[in-house]
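Taking full-length UniProt numbering, the leading residue of the sequence shown gets 2, the next gets one more, and so forth. The beta-carbon is built from N, C-alpha and C at its ideal position, and this holds for glycine as well.
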Amino acid sequence: TSNDLTSPRRRRLGVMGGTFDPIHHGHLVAASEVAHRFELDEVIFVPTGTPWQKSKRSVSPAEDRYLMTVIATASNPRFSVSRVDIERDGPTYTTDTLTDLGRQNQNADLFFITGADALEKIFTWRGWEELFDLATFVGVSRPGFELSATHLTNIDSERIHLIEIPALAISSTECRRRAAGDAPVWYLVPDGVVQYISKRNLYRADQTTRADGS
Ligand code: ATP
Ligand code: MG
């Protein structure tokens, strides 16, 4: 029908959730590679609010993690950053993230990007079976973790894809450890993020000792 000719094709939107404390090149390569392989129009990076599975360690302020994510993605015209999770009160659940982004982008199909380590634990997420109604999942390889979806039984195979991406053995944990010990994080994170960490004094040893002793 003429309707098919005039209605725009549905947009393909990647969603890269993370604590991003700090964002590093492993995150950026994952997003870039999935964008290429799945012909995505855009990838939205979504820094978490209070990460419920990380409540044992104190996480940097959401505003710092948000700004580092903006700095790291600014030069890529297809990358953007959303504040939905940091502006929602309470802990972040991916079902809420995808519901909110779906509402804001009704003419788009969502592709949630996740590393092999996170994929391993997905069935522990609140409402995890519903996740696959909200987005197609793309699990990406990560050094040190096995990429597999055999534990996600009953999930439509069209809704979960596994891909090998260039291996970067970088983690935020290791970046924080390095920054705390005055070891370089150059080339593990974008230059602007190196400078932001030092300007804001993030991850310094004297900041990691908390009242609760963690
Ligand atoms: P932390 O050490 O604090 O857990 P992280 O490096 O794992 O940090 P997160 O913010 O926890 O980073 O991860 C966000 C998403 O990016 C997750 O889906 C994670 O699996 C994925 N990811 C992180 N680092 C890599 C990497 N080097 N290669 C592939 N995927 C990655
Ligand atoms: Mg992690």
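Query: Sequence-distant residues of its chain with Cβ nearer than 7 Å to Leu169 (five each side left out); Result: His26, Gly27, Val30
Query: For Gly116, three-class secondary structure by DSSP; Result: strand
Query: Pairwise C-alpha distance: Leu68 and Thr209; Result: With a pLDDT of only 46 at Thr209, under the threshold of 50, the placement of this residue in the model should not be trusted; the figure read from the coordinates follows. If I take the Cα positions, the gap works out to 20 Å.
Query: Closer than 6 Å: Leu169 CB and nearest the ligand ATP heavy atom; Result: yes
Query: Sheet register partners of Ser81 (DSSP bridge); Result: Ile45
Query: Cβ neighbours of Tyr94 in the same chain (closer than 6 Å, five flanking residues each side left out); Result: Arg127
Query: Selection from Asp118, Asp157, Ile161 that minimises the alpha carbon distance to Pro144; Result: Asp118
Query: For Val47 and Asp110, believed in contact at Cβ under 8 Å, the rounded distance; Result: Not confirmed; about 16 Å, so no contact.
Query: Any chain D beta carbon closer than 7 Å to Asn202; Result: The chain inventory of the structure shown lacks chain D, comprising one protein chain alone.
Query: Chain-order list of residues whose beta-carbon lies under 7 Å from that of Asp192 (same chain, five-residue window excluded); Result: none
Query: Assumed close pair Gly15, Leu41 - CB separation to whole angstroms, cut-off 8 Å; Result: 4 Å
Query: As assigned by DSSP and simplified to three states, the class of Arg13; Result: strand
Query: Backbone secondary structure at Trp129 - three-state DSSP; Result: helix
Query: Short Cβ contact (7 Å threshold) for Arg66 with Phe21; Result: yes
Query: Any non-hydrogen atom of the ligand ATP within 6 Å of Asp86 CB; Result: no
Query: beta-carbon Thr96 near the ligand ATP non-hydrogen atom, thresh 6 Å; Result: no
Query: Whether Ser8 touches Ile45 by CB criterion (7 Å); Result: no
Query: The ligand ATP heavy atom lying under 6 Å from the CB of Val195; Result: no
Query: Run of the beta strand (DSSP E) containing Leu163, from where it starts to where it stops; Result: 161–164
Query: Beta-bridge pairing of Pro92 - partner residues as DSSP gives them; Result: Thr51
Query: Cutoff 7 Å; reference Ile166; Cβ partners in own chain excluding five residues on either side; Result: Val30, Ala31, Glu34, Val141, Ser142
Query: Among Ile114, Lys122, Glu64, Val194, the one whose alpha carbon lies nearest that of Phe138; Result: Ile114
Query: Distance cut-off 6 Å: His37 Cβ against heavy atoms of the ligand ATP; Result: no
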